[in-house]
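Report on one structure; see the data block that follows.
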Amino acid sequence: MVAAGAVAVASTPVVWLLGDPDTGQMVGASVQAGVGIVALLMPMLRRSDRRGPQVEAVGTGKARASGGGSANSGVRLDGNADPVSARAERTGDAVAESGGHANSGITKA
């Protein structure tokens with residue numbers, strides 16, 4: 001898309017030199033308008049590509065860990081995960097003993 005825009009912008013002086021100045025001005029104005037519209041639309045079109053997951057942990061139960069163990073009754077996200085939204089609702093108890101880790105909601109590794 002960028003290459004097409006560059007070709008269109010570069011073609012404006014060629015049209016002006018080979019045709020007449022009025023045609024060159026019309027082509028230049030049309031190219032500027034087209035590039036401006038595309039520049040305004042690009043953020044909206046690209047936004048959907050970057051959406052991450054929507055993460056929920058609803059009504060989670062108990063999570064109990066002991067002896068250095070790990071327990072999770074909710075959602076565990078990867079370190080690279082970048083959710084759009086995260087919600088934990090009505091989370092239950094999370095009990096960790098003896099160096100354990102317990103989670104009943106949302107945690108990120």
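Each residue of the sequence shown is one higher than the one before, counting from 1 in full-length UniProt numbering.
For glycine and all other residues, C-beta sits at the position ideal for the given N, C-alpha and C.
| Query | Result |
| --- | --- |
| Beta-bridge pairing of residue 75 - partner residues as DSSP gives them | 106 |
| Secondary structure of residue 30, DSSP reduced to three states | helix |
| Cβ contact (3+ pairs, closer than 8 Å) linking the segment 32-39 and the segment 52-70 | no |
| Beta carbon proximity, residue 92 to chain C, threshold 8 Å | This model lacks chain C altogether; it includes just one protein chain. |
| Simplified DSSP assignment, three categories, for residue 11 | helix |
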